[in-house]
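Written below as structure tokens is the structure these notes are about.
Residue numbers (this note's numbering), protein chains in the order written: chain E, 398 to 509; chain V, 9 to 118.
Take a look at the structure:
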């Protein structure tokens with residue numbers, strides 16, 4: 398099956414810093430999503446981005462499908478950005494939505 | 009937020025007992041999924057459904073069964089719970105592209 402690798406696995410930053418999280422995947426994809434899992438365990442949708450670039454406030458994401466990677470940028474970090482960031486993909490199958498394969502996540506800690 | 013609820017939210021059960029988890033949606037989405045989350049593994053797909061009575065296996069389906077008799081409900085059953093099935097279970101829904109996740113069910117098998 399498709400492989401998803403996220404880096405770095407852990408990241409500790411001071412409030413106000415910027416960061417870049419990376420997601421590499423091993424095959425063509427129908428779907429790529431970024432999620433934030435907050436300390437209460439809730440999975441929050443950040444971006445649906447199988448290709449291209451999107452921005453939402455301090456967050457932005459870019460997926461280069463031909464090179465099989467995606468980047469999540471967080472600018473001016475706040476303590477509420479702490480948590481685990483997951484990249485998840487659905488391998489291209491030509492059919493319906495068969496489910497996501499998740500990376501193991503990047504654990505981000507923002508210190509005040 | 010997508011209208012997804014899971015019940016129960018927490019459950020403790022004994023090895024060998026049957027357990028059913030429920031996922032309910034109010035979005036009328038075609039696709040529904042069950043995932044489990046364990047430390048060191050991220051989330052892994054258990055089963056999914058692409059319509060009423062249409063289901064298929066995911067990566068970690070052994071020991072689990074599912075049923076979908078109505079568009080809005082997707083049930084996950086552990087026929088005989090084992091300690092290895094202690095986990096957090098997430099339901100997700102999709103209209104064919106982006107997936108949205110429920111709040112999760114924490115299941116402990118003692």
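Cβ coordinates follow ideal geometry from the N, Cα and C atoms, glycine included.
At 7 Å on the CB atoms, spell out the chain V contacts of residue 451 (chain E), in chain order.
By one-based count along the first chain, residue 451 (chain E) stands at place 54. Chain V residues near residue 451 (chain E): none, gap ~12 Å exceeds 7 Å.
When DSSP builds the beta bridges, which residues end up paired with residue 437 (chain E)?
Numbered from 1 along the first chain, position 40 holds the residue referred to as residue 437 (chain E). In DSSP, residue 437 (chain E) forms no bridge with anything.
Rounded to a whole number of angstroms, what is the C-alpha to C-alpha distance between residue 64 (chain V) and residue 494 (chain E)?
Within the second chain, numbered from 1, the residue matching residue 64 (chain V) stands at position 56. Within the first chain, numbered from 1, the residue matching residue 494 (chain E) stands at position 97. Cα-Cα distance, rounded: 11 Å.
Taking only beta-carbon atoms, is residue 82 (chain V) less than 9 Å away from chain E?
Position 74 of the second chain, counting from 1, holds the residue named residue 82 (chain V). No, its Cβ sits nowhere closer than 9 Å to a Cβ of chain E.
Within 10 angstroms of its Cβ, does residue 424 (chain E) collect 16 or more other Cβ (buried), or is it exposed?
Within the first chain, numbered from 1, the residue matching residue 424 (chain E) stands at position 27. Residue 424 (chain E) comes out exposed.
Under a CB-based cut-off of 9 Å, is residue 111 (chain V) close to chain E?
By one-based count along the second chain, residue 111 (chain V) stands at place 103. Interface criterion met: the Cβ of residue 111 (chain V) is under 9 Å from a Cβ in chain E.
State yes or no: is the beta carbon of residue 52 (chain V) nearer than 9 Å to at least one beta carbon in chain E?
On the second chain, residue 52 (chain V) is found 44 positions in, with the first residue counted as 1. So, interface residue.
Is it true that the region 481-492 of chain E meets the region 410-428 of chain E, where meeting means three or more beta-carbon pairs spaced less than 8 Å apart?
Taking 8 Å as the limit for Cβ pairs, the verdict is that the region 410-428 of chain E does touch the region 481-492 of chain E.
DSSP beta-bridge partners of residue 56 (chain V)
To locate residue 56 (chain V), count along the second chain from 1; it is residue 48. Paired residues: V:41 and V:64.
Where does residue 412 (chain E) fall in DSSP's three states?
Taking the first chain and counting its residues from 1, one reaches residue 412 (chain E) at position 15. DSSP, reduced to helix, strand and coil, places residue 412 (chain E) outside both helices and strands of the structure shown, so it counts as coil.
Check whether the region 26-42 of chain V touches the region 433-442 of chain E, taking contact to mean three or more Cβ pairs, one atom from each stretch, closer than 8 Å.
Between the region 26-42 of chain V and the region 433-442 of chain E there are fewer than three C-beta pairs closer than 8 Å, too few to call the two in contact.
Going by DSSP in three states, residue 87 (chain V) sits in which element: helix, strand or coil?
The count along the second chain starts at 1 and reaches residue 87 (chain V) at position 79. Residue 87 (chain V): coil per DSSP, three-state reduction.
Considering just the uninterrupted stretch of the beta strand (DSSP E) at residue 30 (chain V), what are its terminal residues?
What you label residue 30 (chain V) is simply residue 22 of the second chain in a count that begins at 1. In the DSSP assignment, residue 30 (chain V) falls within the beta strand (DSSP E) that extends over 27-33.
Beta-carbon proximity check, residue 442 (chain E) vs residue 106 (chain V), cutoff 9 Å:
Looking up residue 442 (chain E) in the first chain gives position 45. Looking up residue 106 (chain V) in the second chain gives position 98. Going by C-beta atoms, residue 442 (chain E) is nearer than 9 Å to residue 106 (chain V).
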